[in-house]
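Only one structure is covered here, and it is reproduced in the block below.
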Amino acid sequence: MPTPGQCQSDKRTAESTKPRSQTRKYAPEPDNWENFSLAEWLKDHGPEKVLPIIENVIKHLTEKGVNKFAAVGYCFGGKYIVVTSQKNWIHVGSTCHPSLIQIPEDFTKLIEASKVPLLINSCETDQQFPAEYQKKADEMLGDGKYKPGYKRNYYAGATHGFGCRADLTNPAEKEAFDKSYVEIVKWFKDYL
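Counting from 4, one number per residue, gives the positions in the sequence shown under the numbering used here.
As structure tokens, this is what we get:
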């Protein structure tokens with residue numbers, strides 16, 4: 004079960020890009036961690052519910068004068084980085100250890116419609132984005148095939164969750180946590 008301290012890297016990314024790039028950060032999180040059940044939460048958070056929320060946030064911020072969006076998604080959020088990229092709702096996207104991505108369908112839609120550069124931070128042990136998905140991502144998006152820009156980093160010895168709830172006492176996990184953060188910040192700065 005996640006705890007508030009487990010998902011700090013998204014906030015760290017938002018904060019670190021703010022001073023130099025004059026950006027604002029928006030990092031939602033669940034209200035009630037004590038009673039949080041991922042299985043129950045997922046039942047009520049499919050695309051039909053999540054996408055209108057994202058669209059409304061983007062619409063609201065656009066009305067307030069925000070004209071460029073960089074987004075990072077960890078695990079569950081990885082799917083929505085891909086989908087919002089397909090819809091060109093964001094301007095640059097990154098994901099760590101994504102889940103729920105439909106291979107090859109989601110990448111095919113990305114290639115057909117998106118103008119959004121995509122960074123994927125992946126790892127050695129990941130049941131949600133295993134080696135065969137990583138290979139397929141590279142085959143479909145790599146070597147200049149995905150024109151907006153694509154990069155995938157691989158962190159040996161790391162496991163699913165390294166980007167937001169890494170075991171920082173494990174050297175491989177700590178390295179993946181720290182390096183993926185640096186890569187996300189660099190990716191955003193390169194494309195914003």
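Where is the CB? At the ideal position from N, CA and C, for every residue including glycine.
| Spatial distance of residue 174 from residue 162 (CA atoms) | 12 Å
| field | Chain-order list of residues whose beta-carbon lies under 6 Å from that of residue 77 (same chain, five-residue window excluded) | value | 99, 166 and 167
| field | Contact test: residue 27 Cβ vs the ligand NAD heavy atom, cutoff 7 Å | value | The ligand NAD is not part of this structure, which contains no ligands at all.
| message | Which complete beta strand (DSSP E) runs does the stretch 104-177 hold, if anything under 3 residues is left out? | response | 121-128 and 153-162
| task | Ignore the nearest five residues each way along the sequence and tell me which others in residue 231's own chain have a CB closer than 8 Å to its CB. | result | Residue 231 falls outside the range modelled here, since the chain spans only 4 to 195, and no answer is possible.
| field | Backbone secondary structure at residue 97 - three-state DSSP | value | Looking at residue 97 - three-state DSSP - the assignment turns out to be strand.
| message | Which residue wins for smallest C-alpha separation from residue 179, given the options 128, 80 and 148? | response | Across the set 128, 80 and 148, the C-alpha of 128 shows the shortest separation from the C-alpha of residue 179.
| Helix, strand or coil: which one does DSSP assign to residue 85? | Helix.
| request: Name the one or two DSSP bridge partners that residue 184 has. | output: DSSP output for residue 184 lists no bridge partner at all.
| said: Using a 10 Å radius around the Cβ and a threshold of 16 neighbouring Cβ atoms, would you call residue 74 buried or exposed? | reply: So residue 74 ends up on the buried side.
| Hey, how far is the Cα of residue 170 from the Cα of residue 164? | So the two alpha carbons sit approximately 9 Å from each other.
| Who pairs with residue 68 in a beta bridge, going by DSSP? | Note: residue 68 sits in no beta bridge, so no partner.
| task | Pick helix, strand or coil for residue 49, following the three-state DSSP scheme. | result | Residue 49 falls in the coil class under three-state DSSP.
| query | How would you call residue 116, buried or exposed, if buried means at least 16 neighbouring beta carbons within 10 angstroms? | reply | exposed
| task | Could you pull out every residue in the same chain whose Cβ sits closer than 8 Å to the Cβ of residue 103, ignoring the five residues on either side in sequence? | result | 79, 81, 82 and 131
| message | Using a 10 Å radius around the Cβ and a threshold of 16 neighbouring Cβ atoms, would you call residue 185 buried or exposed? | response | exposed
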